[in-house]
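Residues 2 to 248 (the numbering used here) are what the sequence shown spells out, left to right.
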Amino acid sequence: MKKSIVSTFIIMLILPFYSLAMNIAIFCSGNGSNFQALVNSVKKGEINAHIALMVCDNPDAYALKRAENEEIKSLLVQTKAKSKDEYEEEIIKNLGQEKIGLICLAGYMRLLSPQFVQKYRNKILNIHPALLPAFKGRYAIKDALDYGVKVSGVTVHFVDEKIDNGPIVLQEEVQVYDNDSEEALAARIHQIEHQLYPRAIKLFVDGKLKVEGRKVKIEPEFNPVQQFNGIAGYSSFPCKGYFFSVS
Ligand code: GRF
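Quick look at the structure:
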């Protein structure tokens with residue numbers, strides 16, 4: 002009896018945090034390795050969110066298979082059969098149905114219309130495989146290599162009306178080596194992407210990002226693991242943005 006009262010009390014304490022989980026949509030066109038990294042991060046409880054929808058414009062994208070494996074709803078947009086206005090309307094309808102609070106572009110190769118961006122202003126993130134504003138566009142890794150830079154990297158930014166242009170959330174450097182191949186550099190960039198994107202998304206869903214013009218202010222993260230390391234008796238669970246991983 003006592004035990005069940007205690008469990009009910011604990012469930013009542015934890016439940017509101019879970020019910021506040023934000024619904025996320027991820028847009029992909031290709032492999033979907035970033036999609037997978039985000040799914041894994043949510044599954045591990047690192048991000049207090051629910052991946053409710055995957056939007057894809059390419060019927061051959063491996064990302065679709067990943068969504069199927071993860072039992073995540075996917076929407077394959079008919080970009081050939083419909084006008085941009087029509088297919089974006091269809092996407093917007095689905096985003097509304099799923100009550101999406103954040104859109105993450107992860108290798109989505111289509112430019113969103115100004116109306117779309119306007120509707121989701123400061124609620125769309127993108128990941129780019131270079132240190133913006135250098136090497137915008139779809140060939141960023143090759144362009145950086147051909148230019149001969151010694152350092153490239155990864156940028157997560159909000160999406161505005163222009164390509165790879167919105168306010169920057171996080172960036173991380175990646176060294177470029179002499180004799181680097183595009184494949185080798187891309188592999189190291191992807192590794193960083195798979196850590197940086199979940200971090201940026203966590204900051205967003207925890208309400209820690211404030212956009213002021215071109216600048217994104219980041220509220221400091223409260224990390225009880227660092228501050229109270231060594232307290233016994235807790236297992237890992239997410240609690241509205243904080244990670245309790247104390248052993
Ligand atoms: C990533 O390099 C990302 O930066 C860029 O497109 C690529 C997508 O890769 N926008 P994946 O489909 O997530 O593997």
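Quick reminder that beta carbons are idealized off the backbone N, C-alpha and C, glycines included.
- Rounded to whole angstroms, E69 and S75 show a C-alpha spacing of 8 Å.
- F136 and H158 have their alpha carbons spaced roughly 14 Å apart.
- A direct Cα-Cα distance of roughly 15 Å separates I219 from K124.
- By the Cβ neighbour-count rule, I164 is exposed, with fewer than 16 other Cβ atoms within 10 Å of its own.
- Taken atom to atom, the span from the alpha-carbon of L204 to that of V217 is near 11 Å.
- In the DSSP assignment, Q79 falls outside any beta strand (DSSP E), carrying neither H nor E.
- Taking 8 Å as the upper bound for CB-CB distance, G154 and A187 are not in contact here, some 13 Å apart.
- Sixteen is the threshold: since fewer than 16 other Cβ atoms of the shown chains lie within 10 Å of the Cβ of N180, the residue is exposed.
- Just measuring C-alpha positions, the residue of A145, V56, D144, E174 sitting nearest K94 is V56.
- Here E47 carries a coil assignment [DSSP, helix/strand/coil].
- Only exposed fits E72, as fewer than 16 other CB atoms lie within 10 angstroms of its CB.
- Taking one beta carbon from each stretch, the stretch 29 to 38 and the stretch 188 to 202 have 3 or more pairs nearer than 8 Å; the two touch.
- Minimum Cα-Cα distance from N24 among the listed residues P221, I169, H51 corresponds to H51.
- Burial check for A145: the Cβ neighbour count within 10 Å reaches 16 or more, so the residue is buried.
- Scanning N127, I101, V152, A82 for the CA closest to the CA of L171 turns up N127.
- Taking the CA atoms as reference points, D161 sits about 9 Å from L113.
- Secondary structure of V160 (DSSP, three-state): coil.
- The three-state reading of DSSP puts E71 in coil, since its state is none of H, G, I, E or B.
- Judged by DSSP in its simplified three-state form, V177 adopts coil rather than helix or strand.
- For the ligand GRF, a non-hydrogen atom lies closer than 7 Å to the CB of P130.
- A135 carries a coil assignment under DSSP once its states are collapsed to helix, strand and coil.
- Around the CB of V152, fewer than 16 other CB atoms lie within 10 Å, so the residue is classed as exposed.
- Close CB contacts of A141 within its chain, under the 6 Å cut and outside five residues either way in sequence, are with P130, A131 (chain order).
- A residue is called buried when at least 16 other Cβ atoms come within 10 angstroms of its Cβ; L21 does not meet this threshold and is exposed.
- In its chain, beyond the 5 residues on either side, G31, N32, G33 have a beta carbon closer than 8 Å to the beta carbon of Y63.
- With a threshold of 7 Å, the Cβ atom of I169 does not count as near the ligand GRF, since no heavy atom of the ligand is closer than that.
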